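Asks: Residue numbers for the sequence shown follow the numbering used here, beginning at 18 and rising by one. Yeah, the Cβ is synthetic: ideal placement off N, Cα and C, and Gly gets one too. The structure displayed is predicted, hence computed values, not measured ones.
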Amino acid sequence: MQIFTKKTELQDYLKKWFAGNTIGFVPTMGALHAGHLSLIEQSKKKCGVTVCSIFVNPIQFNDPADLAKYPRPIEHDIELLEKAGCDILYNPDVNDVYDGEPSIIQIDLGGLEKVFESKQRPGHFDGVVSVVKKLFDAVKPTDVFFGQKDYQQTLVVRKMIRYYNMPIKFYTCPILREADGLAMSSRNARLTAEEREQAINIYKALKEAALKQGLYTPTQVEEYMYTELQKNSFMEIEYASIVDPTDLKPIIDWQHSAVILVAVKVPSTRLIDNVLL
Ligand code: PAF
């Protein structure tokens, strides 16, 4: 695997060796797990060359403690990417990504900037849009691969691609789970043993809620999820909602498809998960 810290060198290399190829891109913040590697696998299946980026983007963290605690096991990440057969790693610093200090790009997110993650993490998606735009401009991918776990992020990035009319195919790849159902996440490493045990209940509540589709109203199922999650004494529920998967607006019946979104604090770590119905 070739590793670049400068986008100009990455671009020269891609031009020289992969001109005319489809370029698959998997942007990450590192601390890679099997979920990320499944995105690399998808990219390798579909594209001529696969680029992964590892960059912990400071301007998408609304909580400085979260940024400070974010794991950065770069040597281990490189090993995992090598084993997964990734062709290129772009591992830049802030200066290379932003051509200086980070700058915020704001685009019309059509309401996505007001709900769920946007409400809980003010400014988060402005930071995501800013960095993803810079990374797409640097890598110039034809295809990009994002995990369904950050469901709202997939909608935001799709919106950004449309907004800038970028000739990029967007793939949402399924959530990978631990054997007990917990959605894989770089933040899981921070859970205490007790929190880890409680965290299983998130997917349990989601699965049970999914089974109630059609039997009760969406509001009743949301109430059921709250009750189930609240049984876990130290879990703070931020949201547990059933909404339209295209715009995250509330649904009143089961006529259309739906997504169940959950975010909780356990309390050392914030965890999110979702299930598409
Ligand atoms: O999902 C992530 O890891 C990040 O939000 C992303 C897309 C790499 C942007 O920093």
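1. By alpha-carbon positions, which one of 105, 152, 205 and 110 ends up nearest to residue 60?
2. Could you name the residues of the same chain whose beta carbon sits closer than 7 angstroms to that of residue 267, not counting the 5 residues immediately before and after it, in chain order?
3. Report all residues from its chain with a CB closer than 6 angstroms to the CB of residue 152; omit the five preceding and five following residues, and keep chain order.
4. Any heavy atom of the ligand PAF within a distance shorter than 6 angstroms of the CB on residue 45?
5. Once you ignore the five residues that flank residue 120 on each side, which residues in its own chain have a CB closer than 8 angstroms to its CB?
6. CB of residue 167 to nearest heavy atom of the ligand PAF: below 6 angstroms?
7. Beta carbon of residue 111: closer than 6 angstroms to some heavy atom of the ligand PAF?
8. Looking only at C-alpha atoms, which of 265, 32 and 270 sits nearest to residue 168?
9. Return helix, strand or coil for residue 120, following the three-state DSSP convention.
10. What are the residues that DSSP puts in a beta bridge with residue 288?
11. Give, in chain order, every unbroken run of the alpha helix (DSSP H) that is at least 4 residues long and sits entirely within the region 134-188.
12. Given this structure, state the Cα-to-Cα distance separating residue 197 from residue 140, to the nearest angstrom.
13. From the DSSP output, in three-state form, read off residue 114 for me.
14. When you compare the region 166-186 with the region 18-35, are there three or more beta-carbon pairs, one atom per stretch, that lie closer than 8 angstroms?
15. Tell whether a beta-carbon distance below 7 angstroms holds between residue 27 and residue 107.
16. Going by C-alpha to C-alpha distance, which of 32, 172, 269 and 216 sits closest to residue 231?
17. Would the C-beta of residue 148 count as close to the ligand PAF, meaning under 6 angstroms from any of its heavy atoms?
18. Which whole runs of the beta strand (DSSP E) in the region 26-91 are 3 residues long or more, in chain order?
19. What are the boundary residues of the beta strand (DSSP E) that includes residue 257?
20. Using C-beta distances below 7 angstroms, list every residue in its chain close to residue 113, excluding the 5 sequence neighbours before and after it, in chain order.
21. If you measure from the CB of residue 74, is any heavy atom of the ligand PAF nearer than 6 angstroms?
Replies: By the coordinates alone:
1. Locating residue 60 in the sequence shown gives position 43, where the first residue counts as 1. Checked all of 105, 152, 205 and 110; the closest Cα to residue 60 is 105.
2. Counting from one through the sequence shown, the residue named residue 267 turns up at place 250. So the qualifying residues of the chain are 260.
3. Translated into the one-based positions of the sequence shown, residue 152 becomes position 135. Cβ neighbours of residue 152 beyond the five flanking positions: 44 and 70.
4. Walking along the sequence shown from the start, residue 45 turns up at place 28. Residue 45: yes, Cβ under 6 angstroms from the ligand PAF.
5. Sequence index remark: in the sequence shown, residue 120 carries index 103 (1-based). For residue 120, where only same-chain residues beyond five positions count, the Cβ hits under 8 angstroms are 147.
6. Numbered from 1 along the sequence shown, position 150 holds the residue referred to as residue 167. Residue 167 Cβ: within cutoff of the ligand PAF.
7. For this step, residue 111 is matched to residue 94 along the sequence shown. Checking the Cβ of residue 111 against the ligand PAF gives no.
8. If you number the sequence shown from 1, residue 168 lands on position 151. The shortest Cα separation from residue 168 among 265, 32 and 270 belongs to 265.
9. By one-based count along the sequence shown, residue 120 stands at place 103. It is coil, neither helix nor strand.
10. By one-based count along the sequence shown, residue 288 stands at place 271. The partner list for residue 288 (beta bridge, DSSP) reads 281.
11. 134-137, 141-156 and 168-180
12. The residue given as residue 197 occupies position 180 in the sequence shown. The residue given as residue 140 occupies position 123 in the sequence shown. When rounded, the distance between both Cα atoms is 33 angstroms.
13. Along the sequence shown, read from residue 1 onward, the residue named residue 114 stands at position 97. It is helical.
14. no
15. The residue labelled residue 27 in the question sits at position 10 within the sequence shown. The residue labelled residue 107 in the question sits at position 90 within the sequence shown. Their beta carbons are under 7 angstroms apart, which means residue 27 touches residue 107 by this criterion.
16. Here residue 231 is taken as the residue at index 214 of the sequence shown, counted from 1. Checking every option, the nearest Cα to that of residue 231 belongs to 269.
17. Sequence index remark: in the sequence shown, residue 148 carries index 131 (1-based). Within the cutoff, so yes.
18. 40-45 and 66-71
19. As a first step, residue 257 is located in the sequence shown; it is residue number 240 there, counting from the start. 253-260 is the span of the beta strand (DSSP E), which, as asked, contains residue 257.
20. The count along the sequence shown starts at 1 and reaches residue 113 at position 96. So the qualifying residues of the chain are 22, 23 and 24.
21. Taking the sequence shown and counting its residues from 1, the one referred to as residue 74 is at position 57. True, at least one ligand heavy atom lies under 6 angstroms from that Cβ.
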